[in-house]
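Visitor:
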Amino acid sequence: MRAFAILLRRELAAFFLSLTGYVVIAAVTLLIGATFVMLIKNMGTEAFPLPVTEIFFNSSVFWIIVILTAPVITMRLFAFEKASGTYETLMTAPVGDVSVVAAKFVAALTFYMVMWLPTLGCLLIVSHFTNQAHALDKGLLGGMYLGIFLSGCLFLSIGCFTSSLTRSQMTAAMMSLAIGIIFFLAAYAAYAQVIPETGPWRTASVLYYFNLFRQMEDFTRGVADTRAMIFNGSAMFLFLFLTLRVVESRRWK
Amino acid sequence: MIEAINLTKRYAGRTAVQSISFSVARGEIVGLLGPNGAGKSTTMRILSCFMPATSGTARVAGCDVFRQADDVRRRIGYMPENNPLPGEMRVREYLKFRARLKGLGWRRSRERVATVMEQCGLTQVNRRIIGQLSKGYRQRVGLADALVHEPELIILDEPTIGLDPHQIRAVRQLIRSLAGKHTVLISTHILPEAEMMCSRMLIMYDGRILASDTPENLQRTVTGGRQIVAEIAAPLLSLREALLQLPEVESFDIMDGDDGFLRCTLTPRNGTDLRAVVYEAARQNGWLMRELTRNRHSLEDIYVQITQPPDEEEE
Numbered sequence: 005m006r007a008f009a010i011l012l013r014r015e016l017a018a019f020f021l022s023l024t025g026y027v028v029i030a031a032v033t034l035l036i037g038a039t040f041v042m043l044i045k046n047m048g049t050e051a052f053p054l055p056v057t058e059i060f061f062n063s064s065v066f067w068i069i070v071i072l073t074a075p076v077i078t079m080r081l082f083a084f085e086k087a088s089g090t091y092e093t094l095m096t097a098p099v100g101d102v103s104v105v106a107a108k109f110v111a112a113l114t115f116y117m118v119m120w121l122p123t124l125g126c127l128l129i130v131s132h133f134t135n136q137a138h139a140l141d142k143g144l145l146g147g148m149y150l151g152i153f154l155s156g157c158l159f160l161s162i163g164c165f166t167s168s169l170t171r172s173q174m175t176a177a178m179m180s181l182a183i184g185i186i187f188f189l190a191a192y193a194a195y196a197q198v199i200p201e202t203g204p205w206r207t208a209s210v211l212y213y214f215n216l217f218r219q220m221e222d223f224t225r226g227v228a229d230t231r232a233m234i235f236n237g238s239a240m241f242l243f244l245f246l247t248l249r250v251v252e253s254r255r256w257k
Numbered sequence: 351m352i353e354a355i356n357l358t359k360r361y362a363g364r365t366a367v368q369s370i371s372f373s374v375a376r377g378e379i380v381g382l383l384g385p386n387g388a389g390k391s392t393t394m395r396i397l398s399c400f401m402p403a404t405s406g407t408a409r410v411a412g413c414d415v416f417r418q419a420d421d422v423r424r425r426i427g428y429m430p431e432n433n434p435l436p437g438e439m440r441v442r443e444y445l446k447f448r449a450r451l452k453g454l455g456w457r458r459s460r461e462r463v464a465t466v467m468e469q470c471g472l473t474q475v476n477r478r479i480i481g482q483l484s485k486g487y488r489q490r491v492g493l494a495d496a497l498v499h500e501p502e503l504i505i506l507d508e509p510t511i512g513l514d515p516h517q518i519r520a521v522r523q524l525i526r527s528l529a530g531k532h533t534v535l536i537s538t539h540i541l542p543e544a545e546m547m548c549s550r551m552l553i554m555y556d557g558r559i560l561a562s563d564t565p566e567n568l569q570r571t572v573t574g575g576r577q578i579v580a581e582i583a584a585p586l587l588s589l590r591e592a593l594l595q596l597p598e599v600e601s602f603d604i605m606d607g608d609d610g611f612l613r614c615t616l617t618p619r620n621g622t623d624l625r626a627v628v629y630e631a632a633r634q635n636g637w638l639m640r641e642l643t644r645n646r647h648s649l650e651d652i653y654v655q656i657t658q659p660p661d662e663e664e665e
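Chains as they are written, first to last, in the numbering used here: chain C, 5 to 257; chain B, 351 to 665.
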């Protein structure tokens, strides 16, 4: 636990004291800002029955940000340490493998959540200047950030895993991008219902759980769906478990 | 302090270390010497618990490196090959992080960081970013990291590689100053360095330990006795005559020196020290003598002799 806290601090410092971290935050803020500007412009001319959060998080921009930033955030975690050799000094210090994996993942997740904070500013503007007074509703906000958190758990654990496999950050990023896009496509297939219910091996019903879009829709309406939590949580545990096995593998390779 | 029994490490299709056994006593400075690819780094990685051996056991301070890895890690300070450091951190910040990671308390780590920075001459760069430091300073940061938790055993993999002569001297001095208090295991492929720093050397070649002794004993075993060199001003014939009569001299060789001096190289019988004998001979004959030295057989020769691959010997 002590080692975990020390490592977490070090990993967080690596995120927040590096230029890369701020470039990512700036890029994401720019994307969010641009989308909101367009959204507000449209809202000025048409009447919208939906809350502004729901419209934003159902747009493809949200998913583009998640799928692109997760590999960028996580590619560094193990691959960079392996390439620079600091992995050896880290793993010969009296720390457990679990603390190392946990500290790296939690740091990435923290950075990811901070990266989404600018959305709060956008919502503030919306609630202040439009008649959507419920844009800052507690339930809506909680649901929205819970949804963001769960998407982070899933996509960052994938990135954590691929980073542990290689010493090349580029390879790690490409692999986690590929896996991320597979999840995205599965979600799209489920959302658009391209596979009929009567298809073989109950594909459609399995695919139902992969429907990340619908999950996010629920969360942004303020509905906390436990199925989504369990799906994302178990995917996260699976990928973190795999990461741990890879880290431990040097003992029996 | 270290006890390795039949350590073997096989990588896919290649044996890096082949059933080596050795032990290191507390307070010793031991050099692990060998050409590149001899298995030095692999041995050190096994001892530092970075990876396990394929077979065999190793104990550090009585703890098994595989089963009690955490206890071993707490007791050793390890500096890997090429001294990897995070380039974005500041010297003090990094050392503090490492000290805390190795289990030192908040106050204790502060004290220890200040002490090792002083010891390694880092005090004036304590706020600099590691990535901007010169190679010499970076090496000292690596050493400071290895020392910060006062480990019983310090393992340094090629600590002086890539440094300029001044920096090498500083690092050597630092390592020598650790003798007695800590046990040190250093790997190097530079012979004079091992000779200067180590009280004992293990010579590795092709995954095996070929010799283990003090630098002096290694010299003796290889050269038998030591040759001496004397420069004497004397007529060639009478000098030859005088040397032939000395029973302690097995063979000798006389060359022309300058200013009328002759340069003789003498090999002793039964490893006796010829210096007094030769001086006495020169004094009795009333010859001038301006040099009388033992010819140090360089470790280079020992090294080449021991590590020579068999196919080269046949040629």
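All C-beta atoms, glycine included, are put in the ideal place defined by N, C-alpha and C.
Is the Cβ of Ser-253 (chain C) closer than 8 Å to any Cβ of chain B?
Guide: no
Visitor: Taking 8 Å as the threshold (beta carbon to beta carbon), is Leu-382 (chain B) in contact with chain E?
Guide: The structure shown contains no chain E; the protein chains it does contain are C and B.
Visitor: Ends of the beta strand (DSSP E) at Glu-600 (chain B)?
Guide: 599–606
Visitor: Cβ of Phe-60 (chain C) within 8 Å of Cβ of Thr-39 (chain C)?
Guide: yes
Visitor: Quick check: the Cα distance between Ile-540 (chain B) and Leu-383 (chain B), rounded to an integer number of angstroms?
Guide: 8 Å
Visitor: Listing by chain order, which chain B residues have their CB less than 7 Å from the CB of Ser-22 (chain C)?
Guide: Close to Ser-22 (chain C), with beta-carbon spacing below 7 Å, are these residues of chain B in chain order: Glu-438.
Visitor: What does DSSP give as the partner residue(s) for Arg-440 (chain B) in the beta ladder?
Guide: B:Ile-479
Visitor: Between the stretch 534–553 of chain B and the stretch 447–460 of chain B, do at least 3 Cβ pairs fall closer than 8 Å?
Guide: no
Visitor: Are Leu-223 (chain C) and Met-119 (chain C) close, meaning C-beta to C-beta below 8 Å?
Guide: Sequence inspection shows Phe at residue 223 (chain C); the Leu mentioned does not correspond to that position. No, the pair does not count as a contact, with Cβ atoms beyond the cut-off.
Visitor: Please confirm if Tyr-428 (chain B) has its CB atom under 8 Å from at least one CB of chain C.
Guide: yes
Visitor: Note down, in chain order, each residue of its chain lying with its Cβ closer than 7 Å to the Cβ of Glu-664 (chain B), except the 5 sequence neighbours on either side.
Guide: Unreliable positioning characterises Glu-664 (chain B) in this predicted model, as indicated by a pLDDT of 42, which lies under 50. The coordinate reading is nonetheless provided below. Nothing listed; no residue qualifies.
Visitor: Under a three-way DSSP split, which group does Arg-409 (chain B) fall into?
Guide: Here DSSP, grouped into helix, strand and coil, assigns Arg-409 (chain B) to strand.
Visitor: Assuming Pro-75 (chain C) contacts Gly-163 (chain C) under a Cβ cut-off of 8 Å, what Cβ separation, rounded to an integer in Å, is found between them?
Guide: Right, their Cβ atoms sit about 5 Å apart.
Visitor: Work out the CA separation of Cys-614 (chain B) and Glu-662 (chain B) for me, nearest whole Å.
Guide: Confidence at Glu-662 (chain B) is low in this model, with a pLDDT of 48, below 50, so the placement of that residue should be treated as unreliable; the coordinate-derived value is given next. When rounded, the distance between both Cα atoms is 32 Å.
Visitor: With DSSP collapsed to three states, give me the class of Arg-462 (chain B).
Guide: The three-state reading of DSSP puts Arg-462 (chain B) in helix, counting H, G and I together.
Visitor: In this structure, does DSSP put Met-79 (chain C) in helix, strand or coil?
Guide: coil
Visitor: Thinking C-beta only, is Gly-557 (chain B) closer than 8 Å to Glu-581 (chain B)?
Guide: no
Visitor: Could you tell me if Thr-93 (chain C) is buried or exposed, where buried requires 16 or more neighbouring beta carbons within 10 angstroms of its beta carbon?
Guide: buried
Visitor: Let me see if you follow: with CB-CB separation under 8 Å, is Met-401 (chain B) close to chain C or not?
Guide: yes
Visitor: Check distances from the C-beta atoms of the stretch 88–101 of chain C to those of chain B and list, in chain order, the residues that come in under 9 Å.
Guide: In summary, the residues of the stretch 88–101 of chain C whose CB is separated from some CB of chain B by less than 9 Å are Ser-88, Gly-89, Thr-90, Tyr-91, Glu-92, Thr-93, Leu-94, Met-95, Thr-96, Ala-97, Pro-98, Val-99 and Gly-100, in the order they occur in the chain.
Visitor: Check this for me: beta carbons of His-499 (chain B) and Leu-552 (chain B), under 8 Å apart or not?
Guide: Not a contact, by the Cβ cut-off of 8 Å.
Visitor: Hey, how far is the Cα of Ser-103 (chain C) from the Cα of Leu-144 (chain C)?
Guide: 34 Å
Visitor: Here's the rule: buried if 16 or more other CB atoms are within 10 angstroms of the residue's CB, otherwise exposed. What is Tyr-361 (chain B)?
Guide: exposed
Visitor: Tell me whether Asp-121 (chain C) is buried or exposed, calling it buried when 16 or more other Cβ atoms sit within 10 Å of its Cβ.
Guide: A small fix is needed here, since residue 121 (chain C) is Leu in this sequence, not Asp. Leu-121 (chain C) should be labelled exposed.
Visitor: Per the contact definition of three or more C-beta pairs closer than 8 Å, is the stretch 390–407 of chain B in contact with the stretch 464–479 of chain B?
Guide: By the Cβ criterion, the stretch 464–479 of chain B is not in contact with the stretch 390–407 of chain B, since fewer than three pairs of Cβ atoms, one from each stretch, lie closer than 8 Å.
Visitor: May I ask which residues mark the beginning and end of the beta strand (DSSP E) holding Leu-189 (chain C)?
Guide: Leu-189 (chain C) -> not in any beta strand (DSSP E); alpha helix (DSSP H) instead, spanning 173–196.
Visitor: In three-state DSSP terms, what is Met-47 (chain C)?
Guide: helix
Visitor: Any residues in the stretch 448–462 of chain B with a beta carbon nearer than 9 Å to a beta carbon of chain C? Which ones, in chain order?
Guide: Arg-448, Arg-450, Leu-451, Lys-452 and Gly-453
Visitor: When you compare each of C:Ala-87, C:Met-220 and C:Phe-133 to Ser-167 (chain C) by their alpha carbons, which one comes out closest?
Guide: C:Ala-87
Visitor: Check each candidate in B:Ser-601, B:Asp-507 and B:Ala-520 and name the one with the smallest Cα separation from Pro-430 (chain B).
Guide: B:Asp-507
Visitor: Looking at the C-beta of Arg-14 (chain C), does it have a partner C-beta in chain B at a distance below 8 Å?
Guide: Yes, Arg-14 (chain C) counts as interfacial toward chain B.
Visitor: Around the C-beta of Leu-451 (chain B), are 16 or more other C-beta atoms found within 10 angstroms, so that it is buried, or is it exposed?
Guide: buried
Visitor: Less than 8 Å between the beta carbons of Ile-578 (chain B) and Val-521 (chain B), yes or no?
Guide: no
Visitor: List the residues of chain B that Ile-185 (chain C) touches, going by C-beta distances under 9 Å, in chain order.
Guide: Those within 9 Å of Ile-185 (chain C) in chain B number zero; the least Cβ separation is about 31 Å.
Visitor: Is the CB-CB distance between Glu-353 (chain B) and Ser-373 (chain B) below 8 Å?
Guide: yes
Visitor: Check this for me: beta carbons of Ile-69 (chain C) and Leu-35 (chain C), under 8 Å apart or not?
Guide: yes
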